[in-house]
Amino acid sequence: MSYEQIWQSVLGEVEIGLSRANFITWFKNTFISSLEGTKVVVGVPNAFIKKWLEEKYHHSIVSALENVLKEKVDVSYQVELKPVAEKNFSKPNVEYIKTQPNFSPLPTNKNSNDRPRSGLNPKYIFEKFIVGKNNELAYAACQAVVNNLGKAYNPLFIYGGVGLGKTHLLQAIGNEVATKGNQRVLYTTSEQFTNDYIQAVHSGKGKDFKNLYRNVDLLLVDDVQFMGGKDGTQQEFFHTFNELQQADKQVVLTSDRPPKSLPAIEARLISRFESGMVADVGKPDTETKIAILERRAEEKGFPLSPEILTMMAESVQNNIRELEGLLNKIIAVHELKGTPITEKSVKEIMSDFVSSTKTKSLSNKEIIDAVCRFYDLNLKDLLGPSRKKEFVWPRQIAIYLMREEIESSYPTIAQEMGGRDHTTAIHSYNKIRHEVVDLGNEKIKQELNSIKQLFSV
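Heads up: take any position in the sequence shown, counting from 1, add 51, and you land on the numbering used here.
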């Protein structure tokens, strides 16, 4: 058998135990790079997927290979591009588009050195994005989109709180696609889309508007929640979305909340937003915040000690933007004073900065502990596999509180709750939220308030 035939047989076995979405995310563009004796090297498209396969799917891959080859094998992974039948080594010819109020014709001279840009900020790239438990699935979905434009997850809908990295991921997709070939990329915000639509209607340039937004290979739309209540904008976006999808063009959207929670958005749009992949970006844990601070400090030429990084990471609870704001203030103060950065000086600066933004730290473990105390359960029963009602209900309450109180991502919650699947966390949260928000269940509200009083904050 050829390498391709062997690998297709392996993928057939691996896919049986995975959802289609997970299979595409982690195994698309993988292949056998070499096979010498019992040593197999699997080629993967990037370092993140390499690490994920090594940690999560190595056993499944080895088992499938041994079933196909009928012998024991030693498997390793290597980042490299999948070979293609014909290679074009000419420089990628990328065309960028800018959202322009006057709807000037889209550029046609692809060799022009002064064609308009796409609205992408070159600083937002995947290499500068710190991956943690709070965002790893969203990151992986973005990688899958880049590698399978219009096919893997279309649309991809990314949601999360302010300052958690949604725009970074959105623009990173655009910047990455822009380096891969002759692709037309357009980044816009929902506000810009609305403004362009209104201007097109008033100026009679509807055709130019449609040409601008529909003649693209990749449409990136930031903050779609601001389309709420704007009927004309929603109708136009609905038709734009449909035309792009029917042409297998990629759409990626961001919002501050999941599709079902978007206020004043038409049901037909929500249905389309949910038809692809919905991925959340939660608040980063302390380790991720430390990694972000360390990277940003090094980029600015101000490396900080582990003690200072930890102190800063633990002081800011809300979002990455506040974290970077604190770092910038510390650097600015020390540049102005010309003094070294010490733990004492950082504490003094933090006392002013954090007082306006800090809420006392609350962790997933503290929420779990409070739930155990309220329902008089031991930790083993709460996190265990039992489906008894007296254990299932407190689990769902704990999941709801972790999501509501500190905006933990679903994968993080699932891991904290005994390594469950993140879809279980989603189901539990939605169930309790329905009772509290939609049905106004006062008994459950009282339970939640009582548990909150047990938080060690």
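Virtual Cβ for every residue (Gly too), placed ideally from N, Cα, C.
Per-residue DSSP class, three states only, for residue i
| i | result |
| --- | --- |
| Met468 | coil |
| Ala476 | helix |
| Leu490 | coil |
| Leu304 | strand |
| Val252 | helix |
| Val272 | strand |
| Thr239 | strand |
| Ser402 | helix |
| Ser460 | coil |
| Glu87 | strand |
| Phe506 | coil |
| Glu122 | coil |
| Lys395 | helix |
| Leu157 | Confidence at Leu157 is low in this model, with a pLDDT of 37, below 50, so its placement is unreliable and the value that follows should be read with caution. The answer is coil: DSSP assigns Leu157 none of H, G, I, E or B. |
| Asp247 | helix |
| Gly279 | coil |
| Pro445 | helix |
| Thr410 | Model confidence at Thr410 stands at a pLDDT of 45, short of 50, so the residue's coordinates are unreliable and nothing is read from them. |
| Arg438 | coil |
| Ser169 | coil |
| Thr390 | coil |
| Met52 | coil |
| Gly533 | Here the chain covers residues 52 to 508 and nothing more, so residue 533 does not appear. |
| Ile371 | helix |
| Ser60 | helix |
| Lys261 | helix |
| Ile176 | coil |
| Lys133 | coil |
| Ala298 | coil |
| Val113 | helix |
| Asp420 | helix |
| Lys142 | Confidence is the limiting factor: at Lys142 the pLDDT is only 35, short of 50, which leaves the residue's position unreliable and the question unanswerable from this model. |
| Asn415 | helix |
| Leu428 | coil |
Identity of the residues DSSP links to residue i by a beta bridge
| i | result |
| --- | --- |
| Ser127 | Val92 |
| Phe82 | Gly94 |
Residue i, buried or exposed, once every other Cβ within 10 Å from all chains shown has been counted against 16
| i | result |
| --- | --- |
| Asp331 | buried |
| Asp427 | exposed |
| Lys102 | exposed |
| Met363 | buried |
| Gly470 | exposed |
| Thr390 | exposed |
| Asp489 | exposed |
| Val61 | buried |
| Gln297 | exposed |
| Met278 | buried |
| Pro134 | exposed |
| Ala383 | exposed |
| Leu430 | exposed |
| Ala315 | exposed |
| His478 | exposed |
| Asp472 | exposed |
| Asp247 | buried |
| Ala203 | buried |
| Glu493 | exposed |
| Ala318 | exposed |
| Leu207 | buried |
| Ser437 | exposed |
For residue j and residue i, believed in contact at Cβ under 8 Å, the rounded distance
| i | j | result |
| --- | --- | --- |
| Val228 | Val275 | With a Cβ gap of about 20 Å, Val228 and Val275 do not count as contacting. |
| Leu215 | Val236 | In fact, because the Cβ distance is near 23 Å, the residues do not count as touching under 8 Å. |
| Glu467 | Met453 | 7 Å |
| Val267 | Leu304 | Actually they are not in contact, since the Cβ atoms of Val267 and Leu304 sit about 14 Å apart, beyond 8 Å. |
| Phe425 | Ile502 | 5 Å |
| Thr76 | Ala192 | 6 Å |
| Ala421 | Leu505 | 4 Å |
| Lys79 | Asn199 | 6 Å |
| Gly212 | Asn370 | 6 Å |
| Leu374 | Lys416 | Wrong, their Cβ atoms sit about 21 Å apart, outside the cutoff. |
| Phe289 | Val302 | Their Cβ separation, rounded to whole angstroms, is 12 Å, which puts Phe289 and Val302 out of contact at 8 Å. |
| Val126 | Val93 | 6 Å |
| Gly333 | Asn481 | 16 Å between Cβ atoms; not a contact. |
| Tyr461 | Ala476 | 4 Å |
Would you list, in sequence order, the uninterrupted alpha helix (DSSP H) runs of no fewer than 4 residues that lie entirely inside the stretch 307-368? 318-324, 337-350 and 357-366
Every unbroken alpha helix (DSSP H) within the stretch 186-237, with a cutoff of 4 residues, ordered by chain: 187-198 and 217-228, all fully within the stretch 186-237.
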